[in-house]
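Novice:
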Amino acid sequence: MLSELRIRNYALIEDLTVQFSPGLNVLSGETGAGKSIIIGALSLLLGDKPDADMIRAGADTAQVEGRFDAGKQLAAECTALGIPLTEDGALLLRRRAERSGRGAAYANDSGITIAALQRLGDRLVDLHGQHQHQLLLKPEIHLDILDEYAGLSSERDGFAERFHAFDEKSAELARLDQQLAERRSRQELTEFQLKELGGAAVKSGELAGLSRERELLQSAERRFTLARQLEELLSEQEGSIIGLLGIAGKTLNELAELDPGLAERRALLSEARAGADDLWRELVRYRESIEFSPERMEEVNSRLFLIEKLERKYGLRADELASLEARLRAELDSIELGASHREEMVAELSALRQDLMARADALSRKRGRARTELEKRLSTEFEALGLGKAVLSVSIGRVLDPDGVHQRGNERFRMTPAGVDTAEFLFSANPGEELRPLRKVASGGELSRIMLALKSALTRARDMTEMSDISDRVPSGGVATLVFDEIDVGIGGKVAEAVGKRLARLGKNHQVICITHLPQIAKYAERHLLVAKSVRGNRTLTSIRTLDPDSRVEELARMTSGATVTKASLAHAREMLESTGSLRE
Numbered sequence: 001m002l003s004e005l006r007i008r009n010y011a012l013i014e015d016l017t018v019q020f021s022p023g024l025n026v027l028s029g030e031t032g033a034g035k036s037i038i039i040g041a042l043s044l045l046l047g048d049k050p051d052a053d054m055i056r057a058g059a060d061t062a063q064v065e066g067r068f069d070a071g072k073q074l075a076a077e078c079t080a081l082g083i084p085l086t087e088d089g090a091l092l093l094r095r096r097a098e099r100s101g102r103g104a105a106y107a108n109d110s111g112i113t114i115a116a117l118q119r120l121g122d123r124l125v126d127l128h129g130q131h132q133h134q135l136l137l138k139p140e141i142h143l144d145i146l147d148e149y150a151g152l153s154s155e156r157d158g159f160a161e162r163f164h165a166f167d168e169k170s171a172e173l174a175r176l177d178q179q180l181a182e183r184r185s186r187q188e189l190t191e192f193q194l195k196e197l198g199g200a201a202v203k204s205g206e207l208a209g210l211s212r213e214r215e216l217l218q219s220a221e222r223r224f225t226l227a228r229q230l231e232e233l234l235s236e237q238e239g240s241i242i243g244l245l246g247i248a249g250k251t252l253n254e255l256a257e258l259d260p261g262l263a264e265r266r267a268l269l270s271e272a273r274a275g276a277d278d279l280w281r282e283l284v285r286y287r288e289s290i291e292f293s294p295e296r297m298e299e300v301n302s303r304l305f306l307i308e309k310l311e312r313k314y315g316l317r318a319d320e321l322a323s324l325e326a327r328l329r330a331e332l333d334s335i336e337l338g339a340s341h342r343e344e345m346v347a348e349l350s351a352l353r354q355d356l357m358a359r360a361d362a363l364s365r366k367r368g369r370a371r372t373e374l375e376k377r378l379s380t381e382f383e384a385l386g387l388g389k390a391v392l393s394v395s396i397g398r399v400l401d402p403d404g405v406h407q408r409g410n411e412r413f414r415m416t417p418a419g420v421d422t423a424e425f426l427f428s429a430n431p432g433e434e435l436r437p438l439r440k441v442a443s444g445g446e447l448s449r450i451m452l453a454l455k456s457a458l459t460r461a462r463d464m465t466e467m468s469d470i471s472d473r474v475p476s477g478g479v480a481t482l483v484f485d486e487i488d489v490g491i492g493g494k495v496a497e498a499v500g501k502r503l504a505r506l507g508k509n510h511q512v513i514c515i516t517h518l519p520q521i522a523k524y525a526e527r528h529l530l531v532a533k534s535v536r537g538n539r540t541l542t543s544i545r546t547l548d549p550d551s552r553v554e555e556l557a558r559m560t561s562g563a564t565v566t567k568a569s570l571a572h573a574r575e576m577l578e579s580t581g582s583l584r585e
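As C-alpha cells, then:
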C-alpha cells in the first residue's frame, strides 16, 4: 500500500507530505484547493508523461516521492525487475521532471526506465477518474477481471505454464526444421562429394609417396646409364678399378716378400678389392631393378592429377580429405537422425496441443458461467450506485487465425497464455441503448462507479482470510491501492450513501484513496485528509492535513451546508460519524 507521498514544486504545491493509512482514505476540500493536483502528482510518480506547465512557477524541477509497503506480490515484481527492497521491505519510488523536458525515475535510489516504472505503477495503484490509470479502458484487462471473479488464477497459471512449454517446443521444432532444410538443400551435393571422395580413397601420406615415385620413374633412364657406367668403371673395361686393384695386390705381395714389414698392409688392399666387388654386385642388382614402365608413369601421373584436383576443389591438403569425407558422412547421418527426432517432437507437440485445447475449452466454459453471474451481480450493484438500469455485458470471443494453435472443425483460433478467449466489457447507460465498448461510451464518473461495482462484486466473490498486512490481502493479479476521483459526480442522497458503504467494504481488502465532495462518502473514511489552498507572500499554496475527530465534524458540516456551518449541520455531521462508528471522542 501507499504509506507516504511527498510532492515538491508541482502546480500549487511547494512541499507537501501526505500520510496514508490502510482502508479508506478520503480527500476533501473546496473546489480548486488542489485535491486532483495530488492525484496528478501520484500519476506522475507512477509513470505518466510529465507536463512542464505543472512545474511550480519559479522552479525548474518538480519531484514526487512515494513509499509503498511491499507485500509478497510487489516483492516478486521488484525481484523480477532487479530492484532490491529496503531492510523493512519497502519500495521507495521517486520521479523527477525538469522544465527542459528531461527527468529521471528511481526505485530505492536505483535508476529505472519509465517502462519499468509504469510496470510497477500498474501493480501498485489502480487509479480511476480524471487521470490516465483507468484500467477499465484497456480491453486486455477485462479477461483478467472476469477470471479473477471466476477464481481461475490457479488454472490460468497452469495453462500459461503449458502454453510456454508448447511455445518453446514449437520454436525448437522450427529450428530443427530450418537445420534439416539447410542440410537437405545440400544433400545432393553432399552425396556427390562423398561419392567423389570415397571413390578417390586418398590415404594419408599417399601424395608424398606418389610424388617420390614419379621422380624415380622420370629419372629411370638416366639412373640406368649411370649405374652401367659405374659397372664398367669398376670391372668390365680395360683398366677397370677392380682389375687395377688386382694388379696392385700382386705388386704389393712381391714388395712384402722383399720387405716383410709391409705384409700387414696387404689386408688394406684386400679390403678395398672386396669393397669394389661388393659395390659392383650392388650396382648390377640396382640397374636390373630399374623399371622402364610408361604404363606405371601414366598411372602415377593420373593419380597425382586426381589428388591435386581434389585439393584445389575443396581447398584442403591431401591429408585432410579423409577427415572431410568423415564430416560429410556424419552430415548425411544427421539428416536421418534429425528426421527421426522430428517425428518424436511432432508427437510431443501434438500431445501438448491437445492438452492445451482441452484446458482452453475448460477455461472457456468456466468463463461463460462466471460471465452470467458477474452480469447479474453488477446489475444489482449498478442500481445501488445510481447507475439505474445501466447494463454491463461481458463479450467473450475468439480470434480467427489460420496459424492458430486451437482448432475446432476447419477453423483455427489464436491462443495466448490466457487461453483462447478474448473479453471486452460492453456498456449501455440507459434502457434501449445499444451495448457498445465501455472504452467508447462511459464517462469518468461512470467508469469510477463501474469499477467500484466490479471491485465490490470481486470482494463478495472472494472468500479471503483477513491478514494484518493490507498488501497481502490483495487478490492474485490485483493491486493494493485503488484511487477514485470523480466518483461522486452526479450522485447524492441514498446513492452517495451506497457508494460510501461500498468504498468502506473495499477498504477491508484494499487501500482506497477517494476524492469526494459528499459527506455521505467521507463519513466512512478511516483517515480523512483536508486539502486547502492559501496565499502566502503573493503565492498560492496547497496544503493538506489529517483531521482529528472534531475537525472531521466541522469538515462534514461544511460539506453538508456549504461555507456557512450551522449548529444543525454540526449536529448532523456528528450523527453521520456516530452512525458509522467513525467518531471517537
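Just so you know, the UniProt record's numbering puts 188 at position 188 of the sequence shown, and the rest follows in order with no gaps. Positions of the beta carbon are idealized from the N, C-alpha and C atoms, including for glycine.
Using alpha carbons as the reference points, say which of D69, A557 and L217 lies closest to E295.
Specialist: It is L217 whose Cα lies nearest to the Cα of E295.
Novice: Any idea what DSSP makes of S476, helix, strand or coil?
Specialist: Because S476 sits at a pLDDT of 37, beneath the cut-off of 50, its placement in the model cannot be relied upon, and the following sentence gives the value as read from the coordinates. Here S476 sits in coil by DSSP.
Novice: Tell me, which residues are paired with Y106 by DSSP?
Specialist: Note: Y106 sits in a beta bridge opposite R94 and G111.
Novice: Is the beta carbon of S43 sitting closer than 9 angstroms to the one on L124?
Specialist: Cβ atoms of S43 and L124: not closer than 9 angstroms.
Novice: Look at the Cβ atom of V18, then the Cβ atom of L529, and state whether they are nearer than 9 angstroms.
Specialist: Contact: yes.
Novice: May I have a chain-ordered list of the alpha helix (DSSP H) segments no shorter than 4 residues that lie completely inside the segment 5-89?
Specialist: Counting only runs of 4 or more, we get 35-45 and 72-80.
Novice: Counting Cβ pairs closer than 8 angstroms, one from the segment 320-329 and one from the segment 191-205, do we hit at least three?
Specialist: At 8 angstroms Cβ cutoff, the stretches touch.
Novice: Return the CA-CA distance between S393 and L426, expressed in angstroms with no decimal places.
Specialist: The alpha-carbon atoms of S393 and L426 are separated by roughly 5 angstroms.
Novice: Would you mind giving the Cβ-Cβ distance between N108 and I141, rounded to the nearest angstrom? I have them listed as a contact below 8 angstroms.
Specialist: Between I141 and N108 the Cβ distance is about 28 angstroms, and since that is not below 8 angstroms, they are no contact.
Novice: For the alpha helix (DSSP H) holding R212, just list the boundary residues, first then last.
Specialist: Run containing R212: E206 to Q218, per the alpha helix (DSSP H) assignment.
Novice: Can you grab the Cα-Cα spacing for the pair I544 / V531, in whole Å?
Specialist: The straight-line gap from Cα to Cα measures roughly 4 angstroms.
Novice: On the DSSP bridge list, what partners appear for R408?
Specialist: Looking at the DSSP assignment, R408 forms a beta bridge with E411.
Novice: Indicate the three-state DSSP secondary structure (helix, strand or coil) for K508 in the structure shown.
Specialist: Looking at K508 - three-state DSSP - the assignment turns out to be coil, as it is neither helix nor strand.
Novice: First and last residue of the beta strand (DSSP E) that includes L570?
Specialist: Careful: L570 lies outside any beta strand (DSSP E), inside the alpha helix (DSSP H) at K567 to T580.
Novice: For the segment 228-300, list the beta strand (DSSP E) runs that are entirely contained and at least 3 residues long, ordered along the chain.
Specialist: Whole beta strand (DSSP E) segments, 3+ residues: zero.
Novice: Which residues in the same chain have their Cβ closer than 8 angstroms to the Cβ of L400, if we skip the five residues on either side of it in sequence?
Specialist: These residues qualify, in order along the chain: E411, R412, F413 and R414.
Novice: Could you give the DSSP three-state label for residue 587: helix, strand or coil?
Specialist: Residue 587 lies beyond the range of the chain shown here (1 to 585); nothing can be said about it.
Novice: Can you name the residues that DSSP bridges to D401?
Specialist: Answer by DSSP bridge pairing: none, since D401 is not bridged.
Novice: G477 to R156, Cα distance in whole Å?
Specialist: Per-residue confidence for G477 stands at a pLDDT of 43, beneath the threshold of 50, marking its modelled position as unreliable; no derived number is given.
Novice: My guess is that residue 599 and A220 are in contact by the Cβ rule of under 8 angstroms, so how many angstroms apart are they, rounded?
Specialist: The chain is shown only over 1 to 585; residue 599 falls outside these bounds and no answer can be derived.
Novice: Count the CB pairs spanning the segment 161-176 and the segment 510-522 that are closer than 8 angstroms, and state whether there are at least three.
Specialist: Touching, no.
Novice: Going by Cα to Cα distance, which pick from L46, K366, E257 and H510 is closest to Y106?
Specialist: With distances taken between Cα atoms, Y106 lies closest to L46.
Novice: Please name the residue, chosen from I114, E4 and I13, that lies closest to K49 on a Cα-to-Cα basis.
Specialist: Comparing Cα positions, the closest option is I114.
Novice: Is it buried or exposed, Q178, if we count other Cβ atoms within 10 angstroms and call 16 or more buried?
Specialist: Exposed.
Novice: Report yes if the C-beta distance between L482 and V420 is below 9 angstroms; otherwise report no.
Specialist: Result no, Cβ atoms of L482 and V420 do not sit closer than 9 angstroms.
Novice: For H517, which beta-bridge partners are listed by DSSP?
Specialist: None, per the DSSP bridge assignment.
Novice: How should R408 be labelled, buried or exposed, when 16 other C-beta atoms within 10 angstroms of its C-beta is the threshold for buried?
Specialist: Answer is exposed; the Cβ neighbour count stays below 16.
Novice: Which residue wins for smallest C-alpha separation from L12, given the options R359, V26, L27 and I37?
Specialist: Comparing Cα positions, the closest option is I37.
Novice: Bridge partners of S379, per DSSP?
Specialist: Paired residues: none, contrary to the question.
Novice: Please list, in chain order, all residues of the same chain as P139 whose beta carbon is under 8 angstroms from its beta carbon, the five residues on each side excluded.
Specialist: Once the five neighbours on either side are set aside, the close Cβ partners of P139 are T422, A423, E424, F425, P437 and R439.
Novice: Looking only at its own chain, which residues have a Cβ that is under 6 angstroms from the Cβ of K389, when we skip the five neighbours before and after it?
Specialist: Excluding sequence neighbours, K389 sits near P431.
Novice: Let me know if K494 comes out buried or exposed under the rule of 16 or more other beta-carbons within 10 Å of its beta-carbon.
Specialist: When all chains shown are included, K494 counts as exposed.
Novice: Please classify residue 586 as buried or exposed, where buried requires at least 16 other C-beta atoms within 10 Å of its C-beta.
Specialist: Within the shown structure, residues of the chain are numbered from 1 to 585, placing residue 586 beyond reach of any answer.
Novice: Provide the residue span of the alpha helix (DSSP H) that contains S551, from first to last.
Specialist: Where S551 is concerned, the enclosing alpha helix (DSSP H) stretches over P549 to S561.
Novice: Measuring alpha carbon to alpha carbon, tell me which residue in L85, R56 and L120 is nearest E98.
Specialist: The candidate whose alpha carbon is nearest that of E98 is R56.
Novice: Between the alpha carbons of A272 and A248, how many angstroms are there, rounded?
Specialist: Using only the alpha carbons, I get a separation of about 11 angstroms.
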